[in-house]
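Our numbering puts the first residue of the sequence shown at 228, with every later residue one more than the last. Okay, structure first, notes after.
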Amino acid sequence: MNLKELLDNEYKAFSNEQGLNLAADPLQIARTLKNPALMLACALFSYGNAKAIVKFLGSLNFDNLSANKGKIYRFQNSSDCDEIFKIILKLSEVDIEDIIINGAKNGKEFYIENGINALIKKIYELSSYRSAGLEFYFGKSFEKSPKSPLKRYNMWLRWLVRTSDIDLGLFRRISRGELILPLDTHTHKVSLALGLCKRSQYDFKAAKEITERLKEFDSDDPIKYDFALYRLGQSGKIKELLKK
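Take a look at the structure:
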């Protein structure tokens with residue numbers, strides 16, 4: 228079995244309702260909301276243990292964010308969370324997809340990371356509140372290129388842009404081929420093991436390198452393999468495959 232066959236098999240096995248529900252995943256909560264700003268809130272809280280993430284997201288009142296007053300989550304204290312929900316409410320009133328597209332365009336070129344950067348800058352325009360917890364949650368804008376893999380934003384964009392299997396496709400003006408792999412420690416280790424990248428450093432360059440390699444298997448939708456790569460690492464199945 229070659230690498231493309233392996234990835235295609237894993238994609239078919241995991242990128243469906245049954246695969247999504249095999250283990251805790253924030254998309255289980257986010258896909259019930261069908262609102263880009265609320266889904267972004269879910270994505271940005273998605274750091275740490277997957278079960279803890281889903282438990283926290285499940286405790287939130289997404290119908291009335293102001294009812295979540297006093298919540299705390301890991302690096303965010305109650306004041307941070309209160310402000311986060313206020314910002315998300317304000318973000319619900321703007322065209323998020325438009326912000327990303329306008330930020331990503333550079334002549335005939337389109338750089339999705341610059342679109343994310345534009346969104347982050349817009350977010351900080353919506354509030355004068357600053358803290359370490361808030362800045363960890365929303366991340367920081369960059370000058371020339373990101374160092375961080377921007378995992379949580381890229382995961383959110385996967386949910387919003389892709390139109391098939393487990394993703395929702397609420398954004399219709401961004402091409403699936405422009406997306407970048409939502410690189411986390413699981414997918415990075417799996418990608419290194421499978422030879423999808425050589426860069427050992429967990430950063431944006433590694434995310435781009437893996438994405439470019441995945442385009443060799445599906446240039447129109449390279450990020451469709453994200454969930455399969457994640458489950459390979461999360462389940463430990465990658466260790467079995469490498470022994471064969």
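Cβ atoms here follow ideal geometry from the backbone N, Cα and C, with glycine treated the same way.
(message) Based on DSSP bridge pairs, tell me the residues matched to K332.
(response) For the purposes of this step, residue 332 is taken as the residue at position 105 of the sequence shown. F337, per the DSSP bridge assignment.
(request) Give the straight-line distance between the Cα atoms of P253 and S375, rounded to the nearest whole angstrom. (result) Position 26 of the sequence shown, counted from the first residue, corresponds to residue 253. Position 148 of the sequence shown, counted from the first residue, corresponds to residue 375. Going by the C-alpha atoms only, they are around 20 Å apart.
(message) Looking at H415: is its Cβ nearer than 8 Å to the Cβ of A433?
(response) To locate residue 415, count along the sequence shown from 1; it is residue 188. To locate residue 433, count along the sequence shown from 1; it is residue 206. Yes, they are a contact pair.
(message) Whole angstroms are fine: how far does the CA of A250 sit from the CA of A270?
(response) The residue given as residue 270 occupies position 43 in the sequence shown. The residue given as residue 250 occupies position 23 in the sequence shown. If you take the alpha carbons of A270 and A250, they lie about 17 Å apart.
(request) Helix, strand or coil for Y351, going by three-state DSSP, please let me know. (result) Within the sequence shown, numbered from 1, the residue matching residue 351 stands at position 124. Reduced to three states, the DSSP call for Y351 is helix.
(message) Using a Cβ-Cβ cutoff of less than 6 Å, which residues in the same chain neighbour A325 once the five nearest sequence positions on both sides are dropped?
(response) Position 98 of the sequence shown, counted from the start, is the residue given in the question as residue 325. Looking at the sequence provided, one finds Asp at residue 325 rather than Ala. If we look at D325 and ignore the five residues flanking it on each side, it has no Cβ neighbours.
(request) Measure the C-alpha to C-alpha separation of A240 and K466 and round it to an integer number of angstroms. (result) The sequence position of residue 240 within the sequence shown is 13, counting from 1. The sequence position of residue 466 within the sequence shown is 239, counting from 1. In a straight line, the C-alpha of A240 is about 18 Å away from that of K466.
(request) Taking 8 Å as the cut-off, decide whether the C-beta atoms of N344 and F369 are in contact. (result) One-based indexing of the sequence shown puts residue 344 at position 117. One-based indexing of the sequence shown puts residue 369 at position 142. Yes. Within cutoff.
(message) Please identify the residue among Y356, D290, A257 and G342 whose C-alpha is closest to the C-alpha of I401.
(response) Counted from its first residue, the sequence shown places residue 401 at position 174. Comparing Cα positions, the closest option is G342.
(request) With a 10 Å radius around its C-beta and 16 neighbouring C-beta atoms as the bar for buried, classify G396 as buried or exposed. (result) The residue you call residue 396 lines up with position 169 of the sequence shown. By the neighbour-count rule (16 or more Cβ atoms within 10 Å), G396 is not buried but exposed.
(message) According to DSSP, is Q245 part of a helix, a strand, or is it coil?
(response) Within the sequence shown, residue 245 is the residue found at index 18, counting from 1. Helix, per DSSP.
(request) Look at the Cβ atom of K353, then the Cβ atom of N381, and state whether they are nearer than 8 Å. (result) Indexing the sequence shown from 1 puts residue 353 at position 126. Indexing the sequence shown from 1 puts residue 381 at position 154. It should be pointed out that residue 353 corresponds to Leu in this sequence rather than to Lys. In this structure, N381 does not lie closer than 8 Å to L353 by Cβ.
(request) Please classify R389: is it buried, with 16 or more other beta-carbons within 10 angstroms of its beta-carbon, or exposed? (result) As a working mapping, residue 389 is identified with position 162 in the sequence shown. It counts as buried.
(request) Answer with buried or exposed for E336, where buried requires no fewer than 16 other C-beta atoms within 10 angstroms of its C-beta. (result) For the purposes of this step, residue 336 is taken as residue 109 along the sequence shown, with counting starting at 1. It is exposed - the Cβ of E336 has fewer than 16 other Cβ atoms within 10 Å.
(request) Look at the alpha carbon of D445 and the alpha carbon of D290, and state the distance between them as a whole number of angstroms. (result) Against the sequence shown, residue 445 aligns to sequence position 218. Against the sequence shown, residue 290 aligns to sequence position 63. Roughly 38 Å separates the two Cα atoms.
(request) Check each candidate in G404, L423 and V417 and name the one with the smallest Cα separation from G460. (result) For this step, residue 460 is matched to residue 233 along the sequence shown. Of G404, L423 and V417, the residue nearest in Cα terms is V417.
(message) Tell me the rounded alpha-carbon separation between G463 and S355.
(response) Translated into the one-based positions of the sequence shown, residue 463 becomes position 236. Translated into the one-based positions of the sequence shown, residue 355 becomes position 128. In a straight line, the C-alpha of G463 is about 44 Å away from that of S355.
(request) On the DSSP bridge assignment, give the partners of Y300 in chain order. (result) The sequence position of residue 300 within the sequence shown is 73, counting from 1. The partner list for Y300 (beta bridge, DSSP) reads Q303.
(request) Pull up the distance between the alpha-carbon of E443 and that of N236, whole angstroms please. (result) Working through the sequence shown from its first residue, we reach residue 443 at position 216. Working through the sequence shown from its first residue, we reach residue 236 at position 9. Going from the Cα of E443 to the Cα of N236 covers about 16 Å.
(request) Using the Cα positions of S358 and L292, report the straight-line distance between them to the nearest angstrom. (result) In the sequence shown, counting from the first residue as 1, residue 358 sits at position 131. In the sequence shown, counting from the first residue as 1, residue 292 sits at position 65. Their Cα atoms are separated by approximately 20 Å.
(message) Taking the alpha carbon of F273 as the reference point, which residue from A455, G366 and D448 has its own alpha carbon closest?
(response) On the sequence shown, residue 273 is found 46 positions in, with the first residue counted as 1. Position check: residue 273 holds Ser in this sequence, whereas Phe was assumed. If we check each option's Cα against that of S273, G366 comes out closest.
(message) With a threshold of 7 Å on Cβ separation, who are the neighbours of A331 within its own chain once the five nearest residues in sequence on each side are excluded?
(response) Here residue 331 is taken as the residue at index 104 of the sequence shown, counted from 1. Same-chain partners within the cutoff: F337, Y338, I339, N341 and G342.
(message) Once the 5 residues before and after K348 are set aside, which same chain residues still bring their CB inside 7 Å of it?
(response) In the sequence shown, counting from the first residue as 1, residue 348 sits at position 121. So the list reads S368, once near-sequence residues are dropped.
(request) Inspect the beta-carbon positions of I350 and L318 and report whether they are closer than 8 Å. (result) The residue given as residue 350 occupies position 123 in the sequence shown. The residue given as residue 318 occupies position 91 in the sequence shown. Yes, these two residues count as a Cβ contact at 8 Å.
(message) Quick check: I299 and C308, are their CB atoms within less than 8 Å of each other?
(response) For the purposes of this step, residue 299 is taken as residue 72 along the sequence shown, with counting starting at 1. For the purposes of this step, residue 308 is taken as residue 81 along the sequence shown, with counting starting at 1. Yes, the Cβ-Cβ distance between I299 and C308 is below 8 Å.
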